[in-house]
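In what follows, a single structure is set out as structure tokens and then discussed.
Residue numbers (my numbering): 10 to 102.
What follows is the structure, given as structure tokens:
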């Protein structure tokens with residue numbers, strides 16, 4: 010019960026701060042990181058809750074988040090290597 014309460018408080022605080030500081034910091038940082046395909050006119054209502062969920066989860070279970078990031082990174086690396094290998098094997102002409 011305590012971890013749920015900590016998660017809810019962390020989510021609410023991060024969501025409030027993210028929405029409050031959207032124009033000053035968060036929007037500019039996301040514009041630098043995201044490609045044009047992932048941007049829209051009203052990103053605030055998508056990215057702020059997503060950031061709040063990630064940070065609140067990191068506050069409650071940091072080791073699980075770290076392991077998830079490592080696993081996602083390994084899967085992405087293996088996927089890129091396999092895609093590159095497959096493209097080398099394909100004869101495009």
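Ideal placement from N, C-alpha and C gives every residue a C-beta, glycine not left out.
Residue 61 places its beta carbon 9 Å or farther from that of residue 18.
By a beta-carbon distance limit of 8 Å, residue 69 contacts residue 12. Their separation comes to about 5 Å.
Note that the C-beta distance between residue 66 and residue 31 is not below 9 Å. For residue 10, the three-state secondary structure derived from DSSP is coil.
Residue 57 sits buried, since 16 or more C-beta atoms from the chains shown fall within 10 Å of its C-beta.
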